[in-house]
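Each step along the sequence shown adds one to the number in numbering that gives the first Met the number 0, with nothing skipped, and position 178 is 177.
Here is the structure we will look at.
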Amino acid sequence: MEDVTATREVATHCPYCALQCGMMLRATPAGSVEVHPRQFPTNRGGLCQKGWTAAELLDHPDRLTTPLVRQDGELRPATWDEALDRVATAITGIQETHGKDAVAIFGGGGLTNEKAYALGKFARVGLHTKNIDYNGRFCMSSAAAAGMRAFGVDRGLPFPLADIGEADTLLLVGANVAETMPPFARYLTEQKERGGTLIVIDPRATATARQASLHLQPTPGTDLALANAMLHIALSEGWIDEEYVASRTTGFDDVRRVVASYWPARVERLTGVPVADMEAAARALATAGTAIILTARGAEQHAKGVDTVTAYINLGLALGLPGRPGSGYGCLTGQGNGQGGREHGQKADQLPGYRKIDDPAARAHVAAVWGVDPDELPGPGPSAYELLDSLGTPAGPKALLVFGSNPVVSAPRAAHIEGRLKSLDLLVVADFVLSETAAIADVVFPTAQWAEEDGTMTNLEGRVLRRHALRKPPPGVRTDLAVIAELASRLGTGARFTTEPRAVFEELRRASAGGAADYAGVTWERVDAEDGVFWPCPSVDRPGTPRLFLDSFATPDGRARFLAVEHRPAAEEPDAEYPLYLTTGRVLAHYQSGAQTRRIDPLRKAAPNAFVEMHPDLAARLGVDSGDEVTVTSRRGQMRAPARLTETIRPDTVFAPFHWGGAARANSLTSDALDPTSRMPEFKVCAVRVEAATT
Ligand SMILES: Nc1nc2c(c(=O)[nH]1)N[C@H]1C(S)=C(S)[C@@H](COP(=O)(O)OP(=O)(O)OC[C@H]3O[C@@H](n4cnc5c(=O)[nH]c(N)nc54)[C@H](O)[C@@H]3O)O[C@H]1N2
Ligand SMILES: Nc1nc2c(c(=O)[nH]1)N[C@H]1C(S)=C(S)[C@@H](COP(=O)(O)OP(=O)(O)OC[C@H]3O[C@@H](n4cnc5c(=O)[nH]c(N)nc54)[C@H](O)[C@@H]3O)O[C@H]1N2
Ligand code: SF4
Ligand SMILES: [Mo]
0 MEDVTATREV ATHCPYCALQ CGMMLRATPA GSVEVHPRQF PTNRGGLCQK GWTAAELLDH
60 PDRLTTPLVR QDGELRPATW DEALDRVATA ITGIQETHGK DAVAIFGGGG LTNEKAYALG
120 KFARVGLHTK NIDYNGRFCM SSAAAAGMRA FGVDRGLPFP LADIGEADTL LLVGANVAET
180 MPPFARYLTE QKERGGTLIV IDPRATATAR QASLHLQPTP GTDLALANAM LHIALSEGWI
240 DEEYVASRTT GFDDVRRVVA SYWPARVERL TGVPVADMEA AARALATAGT AIILTARGAE
300 QHAKGVDTVT AYINLGLALG LPGRPGSGYG CLTGQGNGQG GREHGQKADQ LPGYRKIDDP
360 AARAHVAAVW GVDPDELPGP GPSAYELLDS LGTPAGPKAL LVFGSNPVVS APRAAHIEGR
420 LKSLDLLVVA DFVLSETAAI ADVVFPTAQW AEEDGTMTNL EGRVLRRHAL RKPPPGVRTD
480 LAVIAELASR LGTGARFTTE PRAVFEELRR ASAGGAADYA GVTWERVDAE DGVFWPCPSV
540 DRPGTPRLFL DSFATPDGRA RFLAVEHRPA AEEPDAEYPL YLTTGRVLAH YQSGAQTRRI
600 DPLRKAAPNA FVEMHPDLAA RLGVDSGDEV TVTSRRGQMR APARLTETIR PDTVFAPFHW
660 GGAARANSLT SDALDPTSRM PEFKVCAVRV EAATT
């Protein structure tokens, strides 16, 4: 029995973003749960408003505490047995009629390592389907692909966060950390106090850009050209680290040739960034003792996101940054477990340990851990958007199980994707609230929240962290691991699954052993004792690896690879009918699809509704005043929200946050153009028309 009269306390981490701020959770005798910040190397005692209020969802009236099943068009409460039986029976029937691949899974980067691993395993040996992918594809997949291409491994930051505060020059490309990772701002302050230079590239003068020594404000979708121009300048000024290029890299000659045509005046015309600013940025990077280049979604969520990140990696390599202590290139991973979530098998082309699913040696290793024949493992499936787009089509899956995502709000071209979801024979959602996606499901499983389960998360630094449960899930609620295990047992493979997160982690250690993301030496005890353990960590008697690439890169020859990349226009550029750029992103108070944060009072008060940010000159041309309702129309659909006027945005660009559904859904507008390599959708640019709303 739990002692309900005493105050209980556990050290854990915030449920939201990849900074994974350390927090204490306290259960008071009165039954409430309090959040207190905690000293941890990443947040150093800081929390943002979302972290402070995270516990408010635990006992929220909107919390689901019973399974729901659809009957006569309505969701009604059901017992666990009824709901689980209904799903298992439907899956069996669908697979008998249409084949194993007719059932698909959509996962999330907020799931613990244990859940992400179990979900990937459930797809491959529980359902025998190739159709599994996750929302990380919408997040950092372009940076991951570029990192793999250049360095042979993808770890968001290949160095600890602390290095950032000590960099002489820091370049942030499409990252608004002041709103997306507020405690990160400490590193910016520290960097400034040491006399460092901060350069921000963003079409908006965000709270982050306003702290910068230099703000470059390009046309959306032109970051690649900007990087090539900075490299062009570095070449003509003789700033290249020739010795590093010769000893640690391959492929520079091609890049040298290609960037020759990115002379600054030409790139000023392409990007709108003054030549003098490009020169100042290149100089600050090239002449600094230590310099760090970081990209985030602003640079990456484009149909050329992989090449754009490659262009910044090229710039970094030419200046000799990656692998030099205190310097480097990194991507700011977004979701709480965005890093671990992409390492353990919920991605369509991967097996645990960041192994490739089409690599025979990887298949043999993982199949041995799972006790199956390697030939039984399915091959790679389609990427997230392609999977969602195929749902319910003659050749596509007829059933989808969603764990940890709300694609009705967050997927690109969302009205179309909502239609695909509705066309399924079976949509199952595991969630703790009735998200917009759960609301159209056939079966909803109420699952545990972060304060109610143990597990591990891997933060943006590749540091494995421990999530500690404070209390048990409320009556009627089960964990995601339990839902997976119960379904597996009804489908005849129950013996392969467990509800115990620690047992899952032990299996994950074995499955990841020898892979790029090697967790074999990570134990829950070590994670607690050492403030987290950085992967790779191949054995318990070896330390983790806070800094990668110091001696060599993870490529076959140990050298980083340059790759020449060229600017190309966005998939959809403005024209007479749709004359403006739309870009989308985040505000401080809300998280992602807003399913969690829109239910929390202080956050709702801080940011009650969506808005369309535009320059006063544009507003004047449209005859729109601050606060007036506007409609924004693209070739995919329409959204409606009040106008917010600000001088901080380019007059040719409007911005909308994507945290709201319904009429204010920004993703009704966004395009489904995909990057050819990462399959990342172009969330950050499409062409729109804005008008004053008529009614
Ligand atoms: N408050 C809050 N914090 C979050 C999240 C959240 O939903 N809310 N989500 C978490 C997750 S999953 C993620 S992925 C991260 C995302 O973190 P960020 O990448 O920092 O967030 P975004 O707002 O998506 O985009 C960053 C900036 O890119 C700019 N931008 C748009 N188009 C372009 C372009 O073409 N080029 C350049 N250079 N910049 C452009 C936008 O103006 C925006 O300011 O945040 C994490 N933290
Ligand atoms: N226009 C536009 N669209 C975007 C972006 C953008 O910048 N612009 N950014 C994209 C990015 S970077 C991302 S990461 C995606 C994110 O978008 P989504 O994938 O929709 O992410 P969330 O809103 O975090 O959805 C998580 C859902 O799962 C639930 N949940 C949370 N934790 C758990 C858990 O442990 N188990 C279960 N079963 N459920 C859980 C939550 O209640 C919520 O309903 O959006 C993408 N969409
Ligand atoms: S910055 Fe991220 S991890 Fe830290 S409290 Fe805010 S949402 Fe949570
Ligand atoms: Mo993300």
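For each residue, glycine too, the CB sits at the ideal point set by N, CA and C.
Keep in mind that this is a model prediction, so the values were computed, not measured.
Annotation note: the stretch 550-578 contains no uninterrupted alpha helix (DSSP H) run of length 4 or greater.
Counting only runs of at least 4 residues, the stretch 74-153 fully encloses the following alpha helix (DSSP H) elements, listed from N- to C-terminal order: 79-97, 112-120 and 140-150. Under the criterion of beta carbons closer than 8 Å, residue 504 and residue 113 qualify as touching, at roughly 5 Å. A residue is listed when its beta-carbon falls short of 6 Å from at least one non-hydrogen atom of ligand 3; in chain order these are 13, 15, 16, 18, 19, 20, 42, 46, 47, 49, 50, 180, 181 and 182. The beta carbon of residue 608 sits no closer than 8 Å to any heavy atom of ligand 1. By the CB criterion at 9 Å, residue 461 and residue 109 fall outside the cutoff. Taking non-hydrogen atoms of ligand 1 into account, the C-beta of residue 674 is found less than 8 Å away from none of them. Fully enclosed alpha helix (DSSP H) runs of no fewer than 4 residues occupy 222-236, 241-247 and 251-258 of the stretch 202-265, in order along the chain. In its chain, beyond the 5 residues on either side, no residue has a beta carbon closer than 6 Å to the beta carbon of residue 364. Assignment of beta-bridge partners to residue 21 by DSSP yields 12. DSSP, reduced to helix, strand and coil, places residue 652 within a strand of the structure shown. When secondary structure is reduced to three states using DSSP, residue 328 falls in the strand class. No heavy atom of ligand 4 is found nearer than 8 Å to the CB of residue 552.
The C-beta distance from residue 22 to residue 36 rounds to 6 Å, short enough to meet the 8 Å contact threshold. Contact between the stretch 593-608 and the stretch 629-638 is absent: fewer than 3 CB-CB pairs across the two stretches fall below 8 Å. Assignment of residue 172 by DSSP, reduced to helix, strand and coil, places it in the strand class.
Between residue 102 and residue 565, the gap from beta carbon to beta carbon reaches 9 Å or more. In this model, residue 404 and residue 171 are separated by some 27 Å (Cα to Cα). Judged by DSSP secondary structure, residue 482 falls within the alpha helix (DSSP H) whose first and last residues are 479-489. Relative to ligand 1, residue 685 has its C-beta separated by 8 Å or more from all heavy atoms. Residue 492 and residue 124 have their C-alpha atoms spaced approximately 8 Å apart. DSSP places residue 59 in the coil class of the three-state scheme, outside both helix and strand. Of the heavy atoms belonging to ligand 1, at least one sits nearer than 8 Å to the Cβ of residue 333. Between residue 638 and residue 672, the beta carbon gap of about 18 Å keeps them out of contact (Cβ cut-off 8 Å). In this structure, DSSP gives residue 456 an extended state, which the three-state scheme calls strand. Under the three-state reduction of DSSP, residue 70 is assigned to strand. The C-alpha of residue 188 lies about 37 Å from the C-alpha of residue 514.
In the structure shown, the three-state DSSP call for residue 546 is coil. In the three-state reduction of the DSSP assignment, residue 35 falls in the strand class. Residue 296 has its Cβ nearer than 8 Å to a heavy atom of ligand 4. Proximity of the stretch 206-221 to the stretch 78-90 falls short of the contact definition, fewer than three beta-carbon pairs being nearer than 8 Å. Here residue 119 is near residue 351, since their CB atoms are less than 9 Å apart. Cα atoms of residue 93 and residue 609: separation of roughly 39 Å, rounded to the nearest angstrom. Excluding the 5 residues flanking it on each side, residue 400 has same chain C-beta neighbours closer than 6 Å at 104 and 427, in chain order. Residue 679: not part of any beta strand (DSSP E); DSSP gives it neither H nor E. Between residue 652 and the set 687, 640 and 223, the nearest pair of CA atoms involves 687.
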